[in-house]
Amino acid sequence: MDKTELLGKLAFEQFKTQSDYLADKIKQMITSEEFEDGFIFPNENEFCKILNVSRGTLRDAYKKLDTQGFIERTKQGTYVKCKETIAMQGNFSASLELATKQEMVEFISAFEPEAACLAAQKIDEEGIKQLEHLMAECEYNAEDPAALNTANYKFHEFIRMQAKNSLVISALTAYYDIFNKQIIDTIYYLLKERVGSFRDNALEQHRELVEAFRARDGEKARRIAYAHLQADLEMYAKLRK
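Heads up, the sequence shown is in the working numbering, so the first residue is 308 and it goes up one at a time.
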């Protein structure tokens, strides 16, 4: 795809303010890597003619993208920031949107089990009761994939909250919706009527997690959480072959 055709994909198609639409579209093309690291946008006059927008609209869009961390504006021009630069600047939100599936897998494998370990060590009696209630919701909705997915989300969300560490909670919450949509939803969609065995194994691991929490056994919770996660990732990899 040549540069003119690539830039032509930014044509307005939706009812939004022009600057918001343009910023969202450029971000989408950055995260999909259509605009690669270091891509240099045309100068403002040329770009405005291509897009048929005012300089104010373009500058507002650039301002939004600059604030989000996706572009760099210099006297020499405006370009897409490299992923490594974004990461080194500590912009977690932008890094998350740019992450590959492999990076997501490595991230969750490193942090989710540790969050479970912390949570098991810190949870109180009221927390145990709530976790048991959420486990019961999972069991009750076992035959309804949509309801079970919602209950599963709440179960894991509650465990993250019990870590009682704002940095852990913030980082894992930021990624979890993406993980749930890309991995868990995909598994249930592709398995369909064959979901029974996978679901039953997942629920059994949930029960084991609850037992580890009752015992305040952080190491056991870490091992179970890791095994539970790997089962999800292995099933996803198998289904995508």
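Positions of the beta carbon are idealized from the N, C-alpha and C atoms, including for glycine.
CB of residue i within 8 Å of CB of residue j, strictly
i: residue 360; j: residue 329; result: yes
i: residue 535; j: residue 509; result: yes
i: residue 540; j: residue 412; result: yes
i: residue 367; j: residue 326; result: yes
i: residue 317; j: residue 334; result: no
i: residue 546; j: residue 532; result: no
i: residue 514; j: residue 442; result: yes
i: residue 543; j: residue 490; result: yes
i: residue 482; j: residue 393; result: no
i: residue 315; j: residue 347; result: no
i: residue 365; j: residue 354; result: yes
i: residue 479; j: residue 399; result: no
For residue i, the first and last residue of its enclosing alpha helix (DSSP H)
i: residue 412; result: 408 to 429
i: residue 467; result: 452 to 469
i: residue 532; result: 525 to 547
i: residue 345; result: Careful: residue 345 lies outside any alpha helix (DSSP H) and carries neither H nor E.
i: residue 398; result: Careful: residue 398 lies outside any alpha helix (DSSP H) and carries neither H nor E.
i: residue 508; result: 503 to 521
i: residue 310; result: 310 to 315
Limits of the unbroken beta strand (DSSP E) element including residue i
i: residue 337; result: Taken as a continuous stretch (DSSP letters only), residue 337 belongs to no beta strand (DSSP E), being part of the alpha helix (DSSP H) at 325 to 338.
i: residue 387; result: 384 to 387
i: residue 380; result: 378 to 381
Buried versus exposed call for residue i [16 or more other C-beta atoms within 10 Å across all chains shown]
i: residue 369; result: buried
i: residue 440; result: exposed
i: residue 402; result: buried
i: residue 313; result: exposed
i: residue 458; result: buried
i: residue 506; result: buried
i: residue 467; result: buried
For residue i, three-class secondary structure by DSSP
i: residue 352; result: helix
i: residue 360; result: coil
i: residue 448; result: coil
i: residue 484; result: helix
* Touch check for the stretch 470 to 477 and the stretch 425 to 432: three-plus C-beta pairs under 8 Å? -> yes
* Counting Cβ pairs, one atom from each stretch, are 3 or more of them under 8 Å apart for the stretch 521 to 529 and the stretch 453 to 460? -> No, because fewer than three Cβ pairs between the stretch 521 to 529 and the stretch 453 to 460 fall closer than 8 Å, the two stretches do not touch.
* **contact_flag[the stretch 473 to 490, the stretch 408 to 423] where n(CB pairs < 8 Å) is 3 or more** => yes
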